[in-house]
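Residue numbers (the working numbering): 21 to 239.
Glycine included, each C-beta is placed from N, C-alpha and C at the ideal position.
What you are looking at is a predicted structure, and each value in this text was computed from that prediction instead of being measured.
All remarks here apply to the structure that follows.
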């Protein structure tokens, strides 16, 4: 195979995987939006403890990974869809609060998140950036942010909510770039596409919530 033909084939593989990943991501966000609507409309009980949704969501993430490892695509897809709806129910009270208290913040956070995703995808796919070494540092920074968040809640450390939100925002922007790079570097099929979509979905939701806190804060 000639060099330019190999390059063309590689580009086609990258675009094919990206299209599958973005398809799963779009589906998951649509299901999450549906979950938010069901909660706000009162179709599902609004007195379910948020911790229950959180535990179920964590369990579903492990279930998706296990089903993928076992090459059970149908089960993985079903769990992925259920997880997306549960996540919508989990974040619905937060979205409902801001829709009432600061409706403009919801639109700004959504546009900001979409903008970050578009920039990340463009930079990764239009440049030869190599982010292989970024993963461990981003994971470490995320763990630091989580520990600080819990410490602030439990011990009431004098840390600004805005400063913490900005720190976590930077971390998830980095994770978004890194996960798009993972999509570009991947060469596998539909199973990996689902897991990559799950990673980008978590980036999207967390970025959206962080921007929502930033844009919706009251001085």
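CA nearest to the CA of residue 59, picked from 36, 39 and 106: Minimum Cα-Cα distance from residue 59 among the listed residues 36, 39 and 106 corresponds to 106.
Residues near residue 209 in its chain [Cβ-Cβ closer than 6 Å; skip 5 each side]: Its pLDDT being 49, under 50, residue 209 is placed unreliably by the model, and the measurement read from it follows with that caveat. Nothing listed; no residue qualifies.
Among 204, 78 and 93, nearest to residue 251 - alpha-carbon criterion: Lying before the first or after the last residue shown, residue 251 is absent from the chain, which here runs from 21 to 239.
Burial state of residue 36 (16 or more Cβ within 10 Å): By the Cβ neighbour-count rule, residue 36 is exposed, with fewer than 16 other Cβ atoms within 10 Å of its own.
Runs of alpha helix (DSSP H) wholly within the segment 90-156 (minimum 4 residues, chain order): Correct list: 93-121 and 123-146.
Of the residues 145, 52, 171 and 160, the one placed nearest residue 222, counting alpha carbons only: When each option's Cα is compared against that of residue 222, the closest is 52.
Three-state class that DSSP yields for residue 237 in the structure shown: Reduced to three states, the DSSP call for residue 237 is coil.
Three-way DSSP call (helix, strand, coil) for residue 62 in this model: Reduced to three states, the DSSP call for residue 62 is coil.
Coil, strand or helix - residue 67 by DSSP: It is coil, neither helix nor strand.
Cβ distance (whole Å) where residue 84 is taken to contact residue 100 below 8 Å: The C-beta distance from residue 84 to residue 100 rounds to 5 Å, short enough to meet the 8 Å contact threshold.
Collapsed DSSP secondary structure at residue 185 in the structure displayed: In the three-state scheme derived from DSSP, where H, G and I count as helix and E and B as strand, residue 185 is classed as helix.
Secondary structure of residue 180, DSSP reduced to three states: Here DSSP, grouped into helix, strand and coil, assigns residue 180 to coil.
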